[in-house]
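Single-structure report; data block below.
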Amino acid sequence: MTITPPSSRPGTPALATRSTDTPPADHTPGTPSRTASRSNRAGGTTSHRPPSSDLSIRPRQSFALDTLDRTGTTVAAAATSGATATGATDIGLARTLPEFQRRLDEQRERPVDLGEAAAVINAVRHNPLASTDMPRDHKALAARITPELLTRWNDALGLTPEKEAAMTKAAAQGGRWIPTSGSAFQAALYGAIPFAALKASPMHVLYASLAALVAQPFVTAGLQTPIVSAITLMRQKAAPMVKMPGNIKAKETLPEIEKQVKALEGDAVRDALQMKALMQRLAANHAGLAPADGEAATPEGIQTFLAALTPGEREELEALQQTQTDRAVQVGLLVMDAFRLEGMQDRQFNSTTAQAPWRIARAMSGIFAPALQAAGAPAGAITATSVVLAFAAIAGQHHAAGLDEKTALADEHKLGLLYGDVFTPEGQADWNAGRPVGAAGVDESKFRNLIAEPEMTIATRVATHVSAHRDELQARLDKLGTHATSDSDAEAGRPEVESLRASIAECDRDIALLRDFNVTDLSADGHARLLLDEAMKDTSVAFARREGMAKLLSPLEYSAQLGQRFAAQFAFIGAGGAGAVGLVRGVGAAVGGTSTLAAGAQVALSLGAGVLGAFSALTQYTAVNVKNARRDRQGEDAGFLSQLGQGIVSPLWQRQATHSGHAATVAGQAALQKDWHEPAIPRDGDTPPPRS
44 MTITPPSSRP GTPALATRST DTPPADHTPG TPSRTASRSN RAGGTTSHRP PSSDLSIRPR
104 QSFALDTLDR TGTTVAAAAT SGATATGATD IGLARTLPEF QRRLDEQRER PVDLGEAAAV
164 INAVRHNPLA STDMPRDHKA LAARITPELL TRWNDALGLT PEKEAAMTKA AAQGGRWIPT
224 SGSAFQAALY GAIPFAALKA SPMHVLYASL AALVAQPFVT AGLQTPIVSA ITLMRQKAAP
284 MVKMPGNIKA KETLPEIEKQ VKALEGDAVR DALQMKALMQ RLAANHAGLA PADGEAATPE
344 GIQTFLAALT PGEREELEAL QQTQTDRAVQ VGLLVMDAFR LEGMQDRQFN STTAQAPWRI
404 ARAMSGIFAP ALQAAGAPAG AITATSVVLA FAAIAGQHHA AGLDEKTALA DEHKLGLLYG
464 DVFTPEGQAD WNAGRPVGAA GVDESKFRNL IAEPEMTIAT RVATHVSAHR DELQARLDKL
524 GTHATSDSDA EAGRPEVESL RASIAECDRD IALLRDFNVT DLSADGHARL LLDEAMKDTS
584 VAFARREGMA KLLSPLEYSA QLGQRFAAQF AFIGAGGAGA VGLVRGVGAA VGGTSTLAAG
644 AQVALSLGAG VLGAFSALTQ YTAVNVKNAR RDRQGEDAGF LSQLGQGIVS PLWQRQATHS
704 GHAATVAGQA ALQKDWHEPA IPRDGDTPPP RS
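Counting from 1 along the sequence shown, just add 43 to a position and that's the residue number in my numbering.
Rendered as structure tokens:
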């Protein structure tokens, strides 16, 4: 949710009467009402394109050209096709260009119910300027989203049960591959090295394990991004995707938000005292008009009192009220930023819980070794049993990762409902004034785009790749120096300049078409058409490779991934993912092999490994939150070492962040009480109660 501070206040001072209700129809323009200025930001409008002018393939039938749509399909046929699709929708990505275009056209005009969306928003979202009942945290806000309200929200979005089921299925299928980058190392640590230990010394086993643990972050940081990109592409092609609104980013940390809110709270307390002193002085100057002690002020009495003020007195009152209003809106924004950031961090934790038991089981895979040893089982059988248990835990983690990804999908959907920027300027102004929004306050384009259909997603991704290709061509052109600006390139012996210019112009044209979701008119042999054809294939290996490498080479990506994985591996040096392996094999190296220990000591060692595994499994999400705090900040980068330092102690970092989020909420409530919710004209000696 974005709260824009007001820049003006129509009418007389708004704090004189602070109603959060929409003014009645007979509302007098001169009657004070608290409003916020309206942004000049234009709402999204749907543009329309004329039919394709490409008539190189002319119809042989004797019907008029105006019965053809852009794809070359008759309007009647398209209607029939649409009716058929309604009965049995092919949710996955279209495989032909005409079908791709037909679906794009349908998706751009997908019916949405803005009135129902506004009703759900008013029922679920928290508006700090409309309510004195401040939720404790994001969890309390998310608890407002009942299954019935979520169904209404999906219906308003045009998200059918079939599409929702396809989204969930794709999330589960894709999620099972997410642990892949680390599984090879886990197989080595819990499979290959234990078998090698049958003939190697415990010290060599320790050295090999430490080498694998140190190498793992470097390798997995490079593998994870392409793997996730391929998974994401698979999901984008299989079903619609929840599109996280652009305002849901970790642009600030919770301690930074707490600091800002507490500073504003201090200003609010100061101005509240100043307002009280001012009103006492004005009441003394106009003794006959001020309400007596114990007497409630009426709107008529307030208007009479305000009308009696001198221009100087009125200007002083308005200036102080405007300061309070601006600050209240700013506090409301920060409070919602705190809730939003808490929600993002909670999502990271929720998307690891199903995998946690399997991670713990993997760490304790040697738990049965003492019993097998006491029974006289050979060393090879004991090792094989532990390896089988470890591999079963690795397989279970892959399955559980799919469940976690389903949870992450549900959380993303709720984040969009609670915090996504879907308002028109008018709706934002109503929200900033503490009023509920109506259908006209919800931006149709923003709301519809909370769900991205496969064709729209792929068209957008292709446009991004073509834009990157265009930049590469421009860089090559710039390297040609003075020839690039010459009017006689061919005569100068540089015909490649003209070729580059033509390719750049073609890219510019195709990018504009893709952003307008017109794939029919793309250049037949252009780069955009090539990429689109790759994406429409069943496997899309080439396109997935482009996706992965483009993201891996983007600023901060590898560095941030490496910092996260080092921090998760070596949290508190020995309590992260490396702790369980390091404990067992370190003790083994120290005593000449764990088999020399008593059975009770071996069990205790396995339990200790399980404790470290549990700590790592339940806190690794904190390293992800540290990474996001670095990567999502715009215009500044704290650097790898800063991320690594915070990541090593990320559980403490997370604890401080959670505490700061709660403190920011409490301070914000106190500031809003002073600036917004208390009556504007306190009576002498009274502390007015908060408005309900």
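Every residue gets a Cβ at the ideal spot worked out from N, C-alpha and C, and that includes glycine.
Could you tell me which residues DSSP pairs with residue i in its beta bridges?
i      : result
Ala495 : Met284
Quick check: what's the CA-CA separation for residue i versus residue j?
i      : j      : result
Pro421 : Ala610 : 38 angstroms
Ala511 : Glu455 : 28 angstroms
Ala647 : Gly682 : 40 angstroms
Ser597 : Val505 : 17 angstroms
Gly201 : Asp156 : 8 angstroms
Arg113 : Asp369 : Reliability fails at Arg113, whose pLDDT of 45 lies under 50, so the model's placement of it is uncertain and the value that follows must be treated cautiously. Distance between the alpha carbons of Arg113 and Asp369 is about 50 angstroms.
Ala362 : Ala472 : 20 angstroms
Gln612 : Gln716 : 45 angstroms
Ala281 : Pro497 : 7 angstroms
Phe615 : His247 : 25 angstroms
Ser740 : Glu577 : Not covered by the structure: residue 740. The range shown for the chain is 44 to 735.
Thr123 : Lys670 : Legend: pLDDT at Thr123 = 36, less than 50; position of this residue unreliable, value from coordinates given subsequently. The straight-line gap from Cα to Cα measures roughly 50 angstroms.
Phe586 : Leu232 : 33 angstroms
Pro413 : Gln388 : 41 angstroms
Gly636 : Leu684 : 37 angstroms
Arg313 : Gly459 : 36 angstroms
Ala339 : Leu349 : 16 angstroms
Lys449 : Thr211 : 6 angstroms
Gln259 : Gly225 : 7 angstroms
Lys242 : Ala644 : 23 angstroms
Gln346 : Glu721 : 18 angstroms
Thr175 : Gly711 : 11 angstroms
Output needed for residue i: all residues of its chain with C-beta closer than 7 angstroms, excluding positions within five of it in sequence on either side, in chain order.
i      : result
Asn170 : Trp474 and Gly477
Ala381 : Leu297, Ile300, Gly704, Ala707 and Thr708
Thr65  : Caution applies to Thr65, whose pLDDT of 42 falls short of 50 and renders its modelled position unreliable; the model cannot decide the point.
Ala371 : Leu172, Leu715, Asp718 and Trp719
Pro245 : Gly631, Ala632, Gly635 and Gly636
Gln279 : Pro497, Thr500 and Ile501
Looking at the structure shown, is residue i part of a helix, part of a strand, or coil, going by DSSP?
i      : result
Val485 : strand
Phe466 : strand
Ser252 : helix
Asp447 : helix
Ser95  : For Ser95, the pLDDT reaches just 36, beneath the cut-off of 50, and the residue's location in the model is therefore unreliable, leaving the point undetermined.
Ala611 : helix
Pro67  : Note on Pro67: pLDDT 41, under 50, position unreliable in the model; the coordinate value appears next. It is coil, neither helix nor strand.
Asn561 : coil
Arg513 : helix
Arg552 : helix
His705 : helix
His329 : coil
Val480 : coil
Ala340 : coil
Ile437 : helix
Val692 : coil
Kindly list the residues whose CB is nearer than 6 angstroms to the CB of residue i, restricted to its own chain and excluding five residues on each side of it in sequence; keep chain order.
i      : result
Gly409 : Ser429 and Ser649
Glu590 : Ser272 and Leu276
Met499 : Gln150
Lys36  : Residue 36 lies beyond the range of the chain shown here (44 to 735); nothing can be said about it.
Ser762 : Here the chain comprises residues numbered 44 to 735, so residue 762 is not present and cannot be evaluated.
Asp310 : none
Ala326 : Ala333
Ala160 : Ala199, Val485 and Phe490
Ala482 : Leu157, Gly158 and Ala161
Taking Cβ positions only, does residue i come closer than 8 angstroms to chain D?
i      : result
Val509 : Although the question refers to chain D, the structure presented lacks it and comprises just one protein chain.
Short of 8 angstroms in beta carbon distance, which residues of its chain neighbour residue i, apart from the five on each side in sequence? Order them along the chain.
i      : result
Ile547 : Arg513, Leu516, Gln517 and Leu520
Leu626 : Gly617, Leu648, Gly651, Ala652 and Leu655
Leu557 : Ala502, Thr503, Val505, Ala506, Val509, Leu565 and Ala571
Ala252 : Correcting the residue identity first, residue 252 is Ser in this sequence and not Ala. If we look at Ser252 and ignore the five residues flanking it on each side, its Cβ neighbours are Leu232, Ile236, Val624, Gly625 and Arg628.
Ala274 : Before going on, a small fix: residue 274 reads as Ile here, not Ala. Correct list, in chain order: Gly217, Gly218, Trp220 and Ile221.
Please go through the region 133-180 and give each complete alpha helix (DSSP H) segment of 4 or more residues, from N-terminal end onward. Within the region 133-180, the complete alpha helix (DSSP H) segments of 4 residues or longer fall at 140-151 and 157-167, listed in chain order.
As an exercise, report each continuous alpha helix (DSSP H) stretch of at least 4 residues that is fully enclosed by the region 212-267, in chain order. Every alpha helix (DSSP H) of 4 residues or more that sits fully in the region 212-267 is shown, in chain order, as 223-230 and 236-239.
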